[in-house]
Every structure is written in C-alpha cells, then in structure tokens.
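Respectively, the protein sequence lines represent chains A and B. Just so we're aligned, residue 1 is where the first sequence starts under full-length UniProt numbering, counting upward by one. Just so we're aligned, residue 1 is where the second sequence starts under full-length UniProt numbering, counting upward by one. Where a beta carbon is used, it is the ideal one built from N, C-alpha and C, also for glycine. Heads up: the structure comes next, in structure tokens.
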Amino acid sequence: MRLINRQPDRAGRLILILLPFALLLLAYFTGSAARLTENPNDKLLPSAAQMMDAVERLAFTEDKRSGDYLFWQDTASSLKRLGLGLSIAALLGLALGIAAGTLPLFGAPLSPLLTVLSMIPPLAILPVLFIVFGLGELSKVMLIVIGIAPCIARDLEQRAREIPRELLIKAQTLGANTWTLILRVVLPQLMPRLLISLRLVLGSAWLFLIAAEAIASTDGLGYRIFLVRRYLAMDVILPYVVWITLLAWLMDLGLRQLTRLAFPWYEGAKA
Amino acid sequence: MRKPRLFALAAAGLAAVLSFNTSAAQKNSFDVCWTIYAGWMPWEYGAAKGIVDKWAKKYGIEIKVTQLNDYVESINQYTAGQFDGCTMTNMDALTIPAAGGVDSTALIIGDFSNGNDGVVVKGEGKTLADLKDMPINLVELSVSHYLLARALERADLSEKDVQVVNTSDADIAAAFNTAEVQAVTTWNPMLAEIKAKPGTSLVFDSSKVPGEIMDMMVVNTRTLEDNPALGKALTGAWFEIVALMHAGNAESAAALEHMAKASGTDLAGYQAQLAATRLFQSPADALSFVTSPKLPATMDKVANFSFRHGLLGEGAKDASAVGMSFAKDVVTGDKGNVKLRFDPTYVQLAADGKL
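This is the structure we're talking about:
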C-alpha cells in the first residue's frame, strides 16, 4: 500500500502520539544520568528525584523566611496578572475591533494606527513603559495589554469586515439603527471569534507576563525562574516550565470548550 | 512485532548521541570567558593585544578568550563545562560552580570591590537607618544582595525590615527613575549613573567592607591539575597586563584608553571605576591578600549568607556543606566535599619570577 494511504489503527495512533514525548523524556533522562554519574551535584540536568524534591520543597513546605507556600503563591500572582491583562486586552480589542471594522469614520484613523501599534515590540520600549506605568503591578498588566490588545483588535476588525454586507442591509431594512446593529448583529458574530483570538495570543500573553516578572518583582512564576537561574537551579526551573505549559494548555482547552458551549452555532469553533 | 525493536534501536542511538564528553585530560587548547567589568577589562586588552597569546605560546598551548554579554550566563556556561575558566566574584564562584559540584580554583584574585558596589537612597542626607521598611531594588541573590545584608547588619536591621525587589541589572538604572523605586543596591557602571543623579544619597558602599567582594579568574580544578601550563600562562599574562596599566607611561595611557573604550565609557569614567576597585598591582600584592588569614573568615561570612538564602543547594545542611581550601593547608567546611580552592601556587610562581 502507498504510504499516503496508510492509516494508523487505534492502538498504533496512541503509540505514535506518545512516542515523541517518550523519546524526549528518554533523551533528557539519559543525558541527566550521564552527567550525574560524572558529578552527583550537577545542576544542569537534574534527575526526576531531584525535581520531585524541589516541587515538594516549594509547593508543600512552608518557606523558611516568609512562611508561604511559594509555588502556589507564585501561581496565584501570575494567574492574577495574566487574567487581568487578558480581560482588559479582550475588552479593549473587542471595542476597538468593532469600531474600526464596522464604522468607516472610526476605521479611517484607527485601522492604520492599530497596524502600526501592533508592530511595536513592547519589550523594546520597556524603559519607557517603566516611566509611564511605574514598576508595580500596573506595569506588568499593561505590558500584557499593550502586547496583545492591538493583535486582537486587528483580528476582530477583519472578522467584522467579513460579515456579509447583505446581513447588515437586511437589519437596516428591518429598522435597526447603528447601535442595535452593532449590539444585535456584529457583537454576537464576533464573540466566538474573540475567544479564538484569545487562544491564539495566549502564548504571547505568557511571554509578556514572564518578561514583566523578570524585570522587577517579588513573586510570580517568571520571577522564580529568573531568580533561581542565578544559581542554575534547573531542578526548580524545569518543574515550573512544565507547570506553565500545563496551565497554558488548560487555558487553551478551557477557551475552546467555552466557545463550543456558548456558541455551538459558530462553525469556526471547530478550529 | 516490529515496534519494540525499533524503539530499542532509537533508544540506543539516542544514548550514543547523548554521551557527554566532560572528562578532563591533557589538552593544549583552552577556552576562558569574561564579562564587562572594570576589574576584568585587562583580559580584553590582553586578548586584543596578543599578550595572552604570547604567554600561551610560551607554554606550548592555545587560549581562546571569549567575551560574553550576560554575566550569570557566562558562569552557567562555565559550570556546564563549556569553558575551562571564567571571571566571576567569590560569592558566585561558591554558589554556582562549587555548589553545583564543579571543583573550581580561584587562580587569580584580580581585585576587590572598594566602592564599586553601593546602596543608594533617593533624597538628600539619608542614612542607613532610613532603609527601614523601604522597598530596595537589586539583583536578588547576587553580591548586591550580600552587600545589602552587610549594610543592614551595620544598622542593626535585618532583611525582614526591608522589602527586597528583584530587578535585573540591565534595567536598574531605568527603574531608578520611576516613582516606586526608593532605594537600590547595584554595582558599577550602573552605580555611577545612579549616584550622579541629583537628590540621592549613597548610604553604604563596598569600601566599608573591604576585601569581601572579590573579582577572580576561576578555572576548573581538574583541568588545571592536568594542565598546569594553563595556570602559568593565564597568571603570567595577567600580571604583565596589570603591570603595564600601572607603568605610568604613554603605553599605559593607551592601554587604559583602550579598556575604557571597550567597556563603553571614556577614560575619566573608567578611571573613576578603577579608583573604586582595589586592583592588585603586583604578584606580591595579590599573594599577601590570598594568603592572609582574613580570606577564610570572609568566605565563611559569604558561605553563611549563601546558606541562609538557600544558595548552597538542597543537600546543604548548614553553611559548611561546600568545603573550601586556602593557602597554608587551611580547609573550612566539609573536608570531603572541597569544591572551591584558593590556590596561591601560580601567584607564588609569578611573585618568585619563575613564570
């Protein structure tokens, strides 16, 4: 049979799904074992046991100095910043996207501005952001907002433009004014797209969160990673990376389920 | 069943690819790294002007001197085995390679910070006591953190009385301009920039704890044992460059100008940094520092600080977890786990004129 026509069966598919992960783990632990036989104190590729110890120490033991459970405290602070940043960016992106996409008078000045703004790498203008927003919580949330709101707005603007003209005309013949048109026709069409857009910018949002926490912070997942990097504590960094990946994946899954549940009629939700 | 065989083959192949080559042996080409700092600029000069090459050739080896941009990354690279030697401070040598099980030797203590690190508070006429309840921005777990701990000791305060905010060294000067930041602890050249702003007070600096923050060239002990030529060539080159810097003639002026430019400042700026750096000018000068009984006492303080902040690793039961050896067969900490060695052998050779 030609290769292109061969389908893995159910068991085969499962093996093929797990295989790359198994190979990655194998490669890691082979390297780790090799380095640890050479030098039992090696910090670069810690063993599973060393990582479990680090998790035990950070997540289930009170910190000697502050009495907090650092892992959960870091997670809570980071999720709070990320949640705030994503919510503000979503609202802002939605409002700007609708304004630019449905109202030509708003679109004319907004559209080119958003295009240019979305091209500015926020990390390149960090010192300016410090001066404007300070070094506290506000600047961390704002970095996420500035980083992703223009992208969401541009995406929603495009989707708003794709709404069939006939639909808008029909609504107007039925007596809809601009406000009801936006509220009853455009907004429902864009809501599922907003959720999809959020899923796509989730990766960037995490990137900006970690970057913000690396600059000036007293807690957070990114803070911890950059702090212990100072003494090469990969036994802490690797579990944190796994945890961040898991959280990001769960958030993506949550948004996908929400799209399915809230907007079952939206075909694009299958994406 | 074909799958398991395929899997075993893949596993074996991967294992072969991943077999690391970390064993040291007789070799004749070496890599050392350095990062920009007033006391390490001589390495740049020595590499650019062929002085390191000249000494390497004398001992029949090759030494490649590489500049890295990120200080912590340079130490991590050394610890991971990518470099045979690297410039770092005494505290970082203890907490990164030594605590990571990489047996390291402080080949040359080039200088100690004598004002190059400092604590600055916004506002005029401030004192150490004003630090109480203040947020202080600094690179956490670095020598700045150590300096702050020593400063707080002087003021009868503890770390609980202040709030330490981790801020990267690259951003600390910009951060000082924001309203939230009330005090910082940092090193030169950022310190000079921050100190120069109007309405600031330098409340503490490293000249109050002389000899505690050292800048060193650290090399892998096993590599050094197998290849004494590396130690001889590096030490020889170092003291030739330092002597040249202090010769006070046209050549030394040109050398200083070169180093100033390479560190991104002008001659006046570089000389101001050097003034706050107690650079050992002769092998004899360096030798008396490394053989003095004060050095083990200082490292004991550093080890205690490091242990209290969890820098000696999970296995550490107390500050003596990582053993250190000094001149005259003095050993502190765990004698079975000596990982940081202050070995004056090569500086002694230089002092005796035997290099």
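- Each residue's CA atom was taken as its position, placing L129/A and S139/A some 7 Å apart.
- DSSP, read as helix, strand or coil, puts E240/B in helix.
- If you look at E62/B, you'll find it in the beta strand (DSSP E) that goes 62-67.
- Here Q182/B has V121, K122, M134, P135, I136 as same chain residues with Cβ atoms under 8 Å from its own Cβ, once five neighbours each way along the sequence are excluded.
- With a threshold of 16 other beta carbon atoms within 10 Å, S74/B meets it and is buried.
- If only complete runs of 4 or more residues are kept, the segment 240-294 of chain B shows the alpha helix (DSSP H) at 250-262, 267-275, 283-290, in order along the chain.
- Residues of the segment 114-134 of chain B whose Cβ lies closer than 8 Å to any Cβ of chain A: none.
- Not a single C-beta of chain A is nearer than 8 Å to the C-beta of A196/B.
- Contact check for V145/A against G85/A passes: the beta carbons are separated by less than 8 Å.
- For K197/B, same chain residues with a beta-carbon under 8 Å away, outside a window of 5 residues either side, are F176 in chain order.
- In its chain, beyond the 5 residues on either side, L129, L143, I146, G147, F208 have a beta carbon closer than 8 Å to the beta carbon of P122/A.
- For A54/A, the residues of chain B that pass the 9 Å Cβ criterion are E314, in the order they occur in the chain.
- Look at the segment 221-239 of chain A: the residues with a C-beta under 9 Å from a C-beta of chain B are Y223, F226, L227, V228, R229, R230, Y231, L232, A233, D235.
- Residues of the same chain with a CB within less than 7 Å of the CB of L287/B, apart from the 5 flanking positions on each side, are P344, V347, Q348, A351 in chain order.
- Taking the C-beta atoms as reference points, P296/B is found no nearer than 8 Å to V322/B.
- Residue nearest to V165/B within the set R150/B, A303/B, V139/B is V139/B (criterion: CA-CA distance).
- CA-CA distance, K261/B to A179/B, rounds to 33 Å.
- The contact set of E140/B on chain A, defined by CB atoms closer than 8 Å, consists of L227, R230 in chain order.
- The residues A173, in chain order, have a CB closer than 7 Å to that of E193/B in the same chain once the five nearest residues on each side in sequence are set aside.
- Just so you know, the alpha carbons of K335/B and T89/B end up roughly 23 Å apart.
- In the structure shown, W34/B adopts extended strand secondary structure according to DSSP, grouped into three states.
- Against chain A, the beta carbon of V181/B has neighbours under 7 Å at L135, listed in chain order.
- Inter-residue distance for M91/B and I213/B is about 8 Å (C-alpha atoms, whole angstroms).
- Only N137, V139, E140, L141, S142, E159, K160, Q163, V164, V165, N166, T167, S168 from the segment 137-169 of chain B bring a Cβ to less than 9 Å from some Cβ of chain A.
- Residues of chain A whose Cβ lies closer than 9 Å to the Cβ of N177/B are, in chain order, P127, F130, I131.
- At a cut-off of 8 Å between beta carbons, I96/B contacts chain A.
- Rounded to the nearest whole angstrom, the C-alpha separation of S111/A and R154/A is 8 Å.
- Excluding the 5 residues flanking it on each side, L168/A has same chain C-beta neighbours closer than 7 Å at L181, V185, in chain order.
- For R57/A, the closest Cβ of chain B is nearer than 8 Å.
- Using a C-beta cut-off of 8 Å, the segment 251-265 of chain A makes no contact with the segment 60-69 of chain A, since fewer than three inter-stretch Cβ pairs fall below that distance.
- Shown here, I51/B sits in a helix according to DSSP, grouped into three states.
- Taking C-alpha positions only, A212/A is separated from G222/A by approximately 8 Å.
- The segment 94-106 of chain B and the segment 55-70 of chain B do not touch, with fewer than three beta-carbon pairs separated by less than 8 Å.
- Taking L227/A as reference, the option from S168/B, A250/B, A229/B, M259/B with the minimal CA-CA separation is S168/B.
- Partner residues in a beta bridge of G254/A, as assigned by DSSP, do not exist.
- By the criterion of a C-beta distance shorter than 8 Å, Q77/B is surrounded in its chain by C33, L68, F83, C86, once the five residues flanking it on both sides are discounted.
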